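There are 2 protein chains.
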Amino acid sequence: MVELQAQSCEACKIDAPRLTDTEITNLISEINDWDLIQEPVKQIKKIFSFPDYQSGVNFLNAVATMADQEDHHPELVLEWGKVTVIWWSHKIKGLHKNDFICASKTDNLYQN
Amino acid sequence: MVELQAQSCEACKIDAPRLTDTEITNLISEINDWDLIQEPVKQIKKIFSFPDYQSGVNFLNAVATMADQEDHHPELVLEWGKVTVIWWSHKIKGLHKNDFICASKTDNLYQN
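Heads up: the protein sequence lines correspond to chains W and U, in order.
If you use the working numbering, the first sequence closes out at 143, no skipped numbers anywhere.
If you use the working numbering, the second sequence closes out at 143, no skipped numbers anywhere.
See the structure below:
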């Protein structure tokens, strides 16, 4: 199995199928502690903590740079000491494998 | 009258009084198109638009730098083409003059 973080996002067209619940269950087991949001569309969300403001800013910038490279852009919420990351695929109003690839890369950026 | 953007945040202690509704009405008239949020605590919120992702990232960083200089940290939400900025004073669970000073500085950063 090729690890998610080693993969790249593929172009997600508006008619691409959303992941099934079984596919989501399998993929979410490959990433660490992301919450599955059901409404208004399926999303995956995780809160990352930091000891100071600048560390959170640096992490947000690292995720934003990765996101732009993948041409897949999450919602990023910066507050003092924490960054909330939410991935979903706007074009299909739900979850695509791309979201799990990017979640895995996000975890990797936090570890580094 | 000293313009808001020319002022600096003062230390906001936990027993500092929240602004009254009249004070909020007066101060919100000095800033451009910020929405007053009532729940769960009073906040002021504005969405800034951008033609591309990197411009939004740059603006978020400029606001974050200003916020850290003022030692007053907003909620900043980055999405493709937009940044949402929400100011309030955590310690008093509501609005303080500091929030309007920082909102004015935020507008100034957007114009520049």
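Ideal placement from N, C-alpha and C gives every residue a C-beta, glycine not left out.
Computed from a predicted model, the values in this text were never measured in an experiment.
Taking Cβ-Cβ distances shorter than 7 Å, what residues in chain W pair up with residue 111 of chain U?
Against the second sequence, residue 111 of chain U aligns to sequence position 80. Within 7 Å Cβ-Cβ: 104.
Drop a sphere of 10 angstroms on the beta-carbon of residue 44 of chain W, count the other beta-carbons inside from all chains shown, and report buried for 16 or more, exposed for fewer.
Taking the first sequence and counting its residues from 1, the one referred to as residue 44 of chain W is at position 13. Flag for residue 44 of chain W reads exposed.
Mapping DSSP to helix, strand and coil, what is residue 54 of chain W?
Sequence index remark: in the first sequence, residue 54 of chain W carries index 23 (1-based). Helix, per DSSP.
What is the DSSP secondary structure of residue 81 of chain W, counted as helix, strand or coil?
By 1-based counting over the first sequence, the position of residue 81 of chain W is 50. It is coil, neither helix nor strand.
Nearest-angstrom Cα distance between residue 55 of chain U and residue 97 of chain W?
As a first step, residue 55 of chain U is located in the second sequence; it is residue number 24 there, counting from the start. As a first step, residue 97 of chain W is located in the first sequence; it is residue number 66 there, counting from the start. Between residue 55 of chain U and residue 97 of chain W, the C-alpha separation is close to 40 Å.
Taking its Cβ as the centre, do 16 or more other Cβ atoms sit within 10 Å of residue 39 of chain W, making it buried, or is it exposed?
Your numbering for residue 39 of chain W matches position 8 in the first sequence. Classification for residue 39 of chain W: exposed.
Using a Cβ-Cβ cut-off of 7 Å (strictly less than) and excluding sequence neighbours within five positions of residue 115 of chain W, which residues of its own chain qualify?
By one-based count along the first sequence, residue 115 of chain W stands at place 84. Correct list, in chain order: 76, 78, 108.
When you measure from the CB of residue 140 of chain U to every non-hydrogen atom of the ligand HEM, does any distance come out below 8 Å?
Of the ligands one can find in the structure shown there are none, so the ligand HEM has no counterpart to examine.
Which bits of chain W does residue 92 of chain U rub up against, with CB to CB less than 8 Å?
Here residue 92 of chain U refers to the residue found at position 61 when the second sequence is read from its first residue. Result: 88, 92.
Going by C-alpha distance, which of U:84, U:52, U:64, U:132 is nearest residue 95 of chain W?
One-based indexing of the first sequence puts residue 95 of chain W at position 64. Nearest Cα to residue 95 of chain W within the set U:84, U:52, U:64, U:132: U:84.
Report the partner residues of residue 125 of chain W according to the DSSP bridge assignment.
Position 94 of the first sequence, counted from the start, is the residue given in the question as residue 125 of chain W. Answer by DSSP bridge pairing, in chain order: W:120.
Between the C-alpha atoms of residue 133 of chain W and residue 143 of chain W, what's the straight-line distance to the nearest angstrom?
Along the first sequence, one-based indexing puts residue 133 of chain W at 102. Along the first sequence, one-based indexing puts residue 143 of chain W at 112. Cα to Cα, the separation comes out at about 15 Å.
Taking Cβ-Cβ distances shorter than 8 Å, what residues in chain U pair up with residue 95 of chain W?
Against the first sequence, residue 95 of chain W aligns to sequence position 64. Contact annotation for residue 95 of chain W against chain U: 84, 88, 109 [CB-CB distance below 8 Å, chain order].
Please determine, among U:139, U:141, U:122, the residue with the shortest C-alpha to C-alpha distance to residue 48 of chain U.
Stepping through the second sequence from its first residue, residue 48 of chain U is reached at position 17. Looking at the Cα atoms, U:122 is the closest of the given residues.
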